[in-house]
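For the protein sequence lines, the chains are A and B, in the order given.
At position 57 of the first sequence the residue is numbered 138 (this note's numbering), and the sequence of numbers has no breaks.
At position 115 of the second sequence the residue is numbered 116 (this note's numbering), and the sequence of numbers has no breaks.
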Amino acid sequence: GENVEQHPSTLSVQEGDSAVIKCTYSDSASNYFPWYKQELGKRPQLIIDIRSNVGEKKDQRIAVTLNKTAKHFSLHITETQPEDSAVYFCAVMNYGGSQGNLIFGKGTKLSVKP
Amino acid sequence: SAVISQKPSRDICQRGTSLTIQCQVDSQVTMMFWYRQQPGQSLTLIATANQGSEATYESGFVIDKFPISRPNLTFSTLTVSNMSPEDSSIYLCSVAASGTQETQYFGPGTRLLVL
Chain A
82 GENVEQHPST LSVQEGDSAV IKCTYSDSAS NYFPWYKQEL GKRPQLIIDI RSNVGEKKDQ
142 RIAVTLNKTA KHFSLHITET QPEDSAVYFC AVMNYGGSQG NLIFGKGTKL SVKP
Chain B
2 SAVISQKPSR DICQRGTSLT IQCQVDSQVT MMFWYRQQPG QSLTLIATAN QGSEATYESG
62 FVIDKFPISR PNLTFSTLTV SNMSPEDSSI YLCSVAASGT QETQYFGPGT RLLVL
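Here it is as structure tokens:
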């Protein structure tokens with residue numbers, strides 16, 4: 082089945098710096114890659130997603146890049162702010178069963194120091 | 002996106018008992034899912050709740066332990082049966098956005114502590 086690895090597990094940056102989180106996957110048939118942000122005690126929130134027919138997608142300070150050949154995708158946050166502090170999860174849509182299921186990475190705890 | 006609510010938001014239960022968690026959506030959705038998030042861990046899919054038919058369970062999850070109902074396109078329940086302390090987790094429902102089964106939005110979750 083699909084295997085999703087996420088790195089790093091923790092990331093600490095200074096306010097204003099950039100943060101990059103990377104995920105790799107194993108199933109070349111996967112074609113949908115969302116990122117979720119989960120603040121402490123809150124639900125996971127979809128912040129950006131990308132499909133395999135696109136190499137990069139941006140939304141203000143957040144961008145996601147996808148390399149289908151290498152089977153990895155990354156979340157880029159620029160000009161980080163303290164409110165960006167949260168756990169970020171990547172996910173991959175797996176079509177191994179009768180219907181697609183999201184397989185999540187283990188998460189990255191991002192801390193932005195003011 | 003759809004407004005998703007869950008009841009209860011949290012509960013403390015005794016081992017051996019069962020708890021039913023409700024998930025309500027403010028619009029009809031085709032796909033509803035139930036996830037478990039153990040403390041400090043990632044999200045693991047328990048099952049897909051199918052309207053009008055039995056839920057589809059992922060490996061490691063069985064209907065006897067996690068029975069699911071989906072009576073209509075806006076509501077689903079997950080029961081955690083014969084609970085043990087290992088069942089202490091956050092249980093989240095999610096729904097797929099209309100028109101796609103891929104983009105999922107999560108409910109606020111139910112925090113369960115089993116003593």
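Built from N, CA and C at the ideal position, the CB exists for glycine as well.
Treat the numbers as computed from the prediction; the structure is a model and nothing was measured.
Subject >> Nonlocal neighbours in the same chain, by C-beta distance under 7 Å from B/D27, ignoring five residues either side >> reply: The residue given as residue 27 of chain B occupies position 26 in the second sequence. Here the set comprises A3, V4.
Original post:
How far does the beta strand (DSSP E) with B/M33 in it reach, from first residue to last?
Top reply: As a first step, residue 33 of chain B must be located in the second sequence, where it is residue number 32. Element bounds for B/M33: 33–38.
**OP:** Please state if the CB of B/W35 and the CB of B/Y106 are separated by a distance shorter than 8 Å.
**Re:** The residue labelled residue 106 of chain B in the question sits at position 105 within the second sequence. The residue labelled residue 35 of chain B in the question sits at position 34 within the second sequence. Contact: no.
Original post:
Any C-beta of chain A sitting closer than 8 Å to the C-beta of B/T104?
Top reply: Position 103 of the second sequence, counting from 1, holds the residue named residue 104 of chain B. Yes - at least one Cβ of chain A is within 8 Å of the one on B/T104.
**OP:** May I ask you to report which of helix, strand or coil DSSP gives A/E86?
**Re:** Within the first sequence, residue 86 of chain A is the residue found at index 5, counting from 1. A/E86 falls in the strand class under three-state DSSP.
**OP:** With a 10 Å radius around its C-beta and 16 neighbouring C-beta atoms as the bar for buried, classify A/A188 as buried or exposed.
**Re:** Here residue 188 of chain A corresponds to residue number 107 of the first sequence, with the count starting at 1. For clarity, residue 188 of chain A is Gly in the given sequence; the question names Ala instead. The residue in question, A/G188, is buried, as its Cβ has 16 or more Cβ neighbours within 10 Å.
Original post:
So B/F76 is in the beta strand (DSSP E); what residue range does that whole segment cover?
Top reply: The count along the second sequence starts at 1 and reaches residue 76 of chain B at position 75. That run of the beta strand (DSSP E) goes 76–81.
Original post:
Start and end of the beta strand (DSSP E) containing A/L92?
Top reply: Numbered from its first residue, the first sequence carries residue 92 of chain A at position 11. Residues 91–95.
**OP:** Would you mind telling me which residues of chain B sit closer than 7 Å to A/P163, beta carbon to beta carbon, in chain order?
**Re:** For the purposes of this step, residue 163 of chain A is taken as residue 82 along the first sequence, with counting starting at 1. What A/P163 touches in chain B: nothing, since even the nearest Cβ is about 22 Å away.
Subject >> Residue span of the beta strand (DSSP E) that contains A/M174, given as start and end >> reply: Here residue 174 of chain A refers to the residue found at position 93 of the first sequence. Per DSSP, A/M174 belongs to the beta strand (DSSP E) from 167–175.
Subject >> Short-range partners of chain A found in the segment 45–62 of chain B, where Cβ spacing is below 8 Å >> reply: T45, L46, T49, T57, E59
Original post:
In the DSSP assignment, what residue or residues form a beta bridge with A/F185?
Top reply: Your numbering for residue 185 of chain A matches position 104 in the first sequence. Note: A/F185 sits in a beta bridge opposite A/A172.
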